[in-house]
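Residue numbers (this note's numbering): 45 to 865.
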């Protein structure tokens, strides 16, 4: 059985997918509808004739779980094929309702003793997909192969067992084939796992999507390389290890990149590559010379190769005291309290002591297997999957142009240039890893040395998992950090601000001032940590928090609460950057345990030209774009209880906003807020064929929403009104899967002409040739505005859970109109 999302598909169409066999019945089926036809025949005692009813579902590729099609396969050998229910019949039962050539013109074919007739028919079908059934033949010589015979078009539902006496006329009538043993002889089908291994693990060297000889049985001809029949349980472990080692050996470390400077300096620019290895979930940060043509040159250093000794590493954490935190060295005495020790040890057995566990997490390998009970590691840096390094050197944020004071508080503007001049010219990079740490690493030519590690308190309760030999991968602290300048306590500071990421629920701030010059970092450099123990509404935040100077003169950290917060509502936090104390917490009231929500990326901006942030835009996981404003000394929702905009697709589905936001000033007034929609947070999100509850796909979009500043009413489109509220842009051309043009319905626009509309949108699907193409495309990251052009990275999942992957595209659009750049 195969299913096709296109209801009008034929057997020759593309897009067919395997069904799932839900149940098998043996023998006849009697219709409940008069005249109560009997379908099939009983299984003969000698096996010479019989029927099998097969219940098929297409649920394995994301649809509902039900009986999508019930087919029946009937066979007979030689003289057993001449059965007739009544003596007056002109046809044999096996050929009833069939027009197959092998049934002859009268439905009574001649069948020799060494010949077999096989009949396939559909008895019942209820599915929006087209369904195609048949069977496979082995041992019949030239007749061998897959027979895809009986088509039931999508939506053409019916049942000859429960609804009608005759099948719908749109269904293919029963098909019958005559077969005879070939010279090679027939054989029984292999164990189903044999075929799963053969077709699921072959290395497709010639790209024909078929397991050709040598591609699936290189180790032993005729046996899939990834298949082991469990006849010898004692060998199971070793055979499975071979399979997994082969998978790992064929994988490549994934990596993100950063450079030591924004401008290329011949022979002097380094590129930093972070990576992971899945065999022991270790990672590394490596520096390469950058060639003038943009390629990687020779390797300069590896951070994993030169970590300090375990006892001398500078590793710190936070200790929570009520609603505040303090920095502390990550050492055994920090966990003297019984409750702290119990939390750190988790469910480890007694042989894992606090001293031993802390030593192991600091890098002591003396008790790793086989010498002790701890998990063996190839590298002491954990895997780095999601974190993009932040590279810091002598960089100015332009704060010398700030006013000397804001709301009576000094800004430090006059001292800023001297502060920048004192910054190190030697870069330092910061990156989060799944060993539980944010690492600070020297980034110069002779660098690669870890300067410090910080373990957020939000991941303390699961650090013990890293020590288990049976460790299964988890996320810890591999968020992408932000490093910026701020005037705190009467002096300028370089502050690292980061969420914990999807491994924990929290945000923290570190003072990394002068790290490139001195390499000095201590417990006092931990400014604060804010996590779910302080406020249960804090969730898992994958986006970067923002640093902003507020209209009351405070420097603040601004961030959403992420997803999986205690109340499952979308909330905005504004907290003092120096102390972590609360400035504002704004609860939108949108979301619940039954309809989860959370706030994602934010943009804090200045809208009135006084160089301090007075407006924050933020998106949530239900597709709401919120506007918050600083009014009369406090932060509030600028539109009462309503969002500025609500993102829905052309089918009316909510479009989640999980990436960040950027803005551009509109020359005719106000601000254009730029963002994309899409999510990639669960296994279900990875299914490119996923459909919503109404059977239609979620189509994600890119938006430019015009906030006119004094806007008092929200923009809440429906599926029917979105094109009248916003100007539609369209992708109108593709070449080999890549876009060749983007324009709106009335042609290219180079400036924003509102035309009575409040922005623009671009659906991430190919319009020419029909909608729904490439519909799995989505935006997961913040856009970037450069000189009036906005850049979006988009993502399309490919493959499956066992072999995940994706396709990325870089879209360059006019920020004001969404037209082709």
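Think of the CB as a built atom: it goes at the ideal place given N, C-alpha and C, for glycine as much as any other residue.
Computed from a predicted model, the values in this text were never measured in an experiment.
Burial state of residue i, where buried means 16 or more other Cβ atoms lie within 10 Å
i	result
residue 79	exposed
residue 759	buried
residue 871	Beyond the ends of the chain as shown, which are 45 and 865, falls residue 871; an answer cannot be given.
residue 377	exposed
residue 441	exposed
residue 712	exposed
residue 155	buried
residue 83	buried
residue 830	exposed
residue 788	The predicted model places residue 788 with a pLDDT of 42, which falls under 50 and marks its position as unreliable; any figure quoted below should be read in that light. Buried, since its Cβ has 16 or more Cβ neighbours within 10 Å.
residue 410	exposed
residue 395	exposed
residue 822	buried
residue 534	exposed
residue 772	buried
residue 406	buried
residue 744	buried
residue 420	exposed
residue 402	buried
Residue i and residue j closer than 9 angstroms at C-beta
i	j	result
residue 532	residue 622	yes
residue 854	residue 804	no
residue 429	residue 473	no
residue 470	residue 486	yes
residue 601	residue 619	yes
residue 89	residue 73	no
residue 431	residue 497	no
residue 659	residue 672	yes
residue 856	residue 833	yes
residue 160	residue 120	yes
residue 168	residue 224	no
residue 727	residue 644	no
residue 723	residue 824	yes
residue 550	residue 556	no
residue 166	residue 216	yes
residue 696	residue 719	no
residue 606	residue 624	no
Boundaries (first-last residue) of the beta strand (DSSP E) holding residue i
i	result
residue 631	626-631
residue 235	Premise fails: residue 235 is in no beta strand (DSSP E) and is neither H nor E.
residue 538	535-543
residue 204	Where residue 204 is concerned, there is no enclosing beta strand (DSSP E), given that its DSSP letter is neither H nor E.
residue 745	745-751
residue 619	615-620
residue 121	113-121
Limits of the unbroken alpha helix (DSSP H) element including residue i
i	result
residue 395	Looking at the DSSP string, residue 395 is not in any alpha helix (DSSP H), and its letter there is neither H nor E.
residue 560	559-562
residue 460	460-466
residue 262	Premise fails: residue 262 is in no alpha helix (DSSP H) and is neither H nor E.
residue 387	382-389
Residue(s) in a DSSP beta bridge with residue i
i	result
residue 599	593
residue 679	674
residue 129	In the DSSP output, where bridge partners are listed per residue, residue 129 has none listed.
residue 454	449
residue 553	541, 572
residue 805	747, 772
residue 402	Paired residue(s): none; residue 402 is not in a bridge.
residue 578	Paired residue(s): none; residue 578 is not in a bridge.
Cβ shell of residue i (< 7 angstroms), same chain only, five flanking positions each side left out
i	result
residue 641	612, 613, 614, 634, 635, 664, 665, 666
residue 408	354
Beta-carbon proximity list for residue i, same chain, < 6 angstroms, skipping 5 on both sides
i	result
residue 526	541, 588
residue 242	255, 260, 268
residue 170	201
Sequence-distant residues of the same chain with beta carbon closer than 8 angstroms to residue i, five excluded per side
i	result
residue 63	45, 46, 47, 100, 101, 102, 104, 112, 113, 175
residue 296	Note that residue 296 scores 46 on pLDDT, short of 50, meaning its location in the model is unreliable; the coordinates nonetheless yield the value given after this. Cβ neighbours of residue 296 beyond the five flanking positions: none.
residue 59	48, 49, 50, 53
residue 457	443, 444, 445, 446, 447, 448
residue 794	The pLDDT assigned to residue 794 is 39, lower than 50, so where the model puts this residue is not dependable, and the model offers no usable value.
residue 841	724, 729, 730, 731, 732, 820, 848, 849, 850
The ligand GTP heavy atom lying under 8 angstroms from the CB of residue i
i	result
residue 536	Among the ligands in the structure shown, none appear at all, so the ligand GTP cannot be discussed.
Within-9 angstroms CB hit, residue i to chain C
i	result
residue 751	Here chain C cannot be found, since the structure has a single protein chain.
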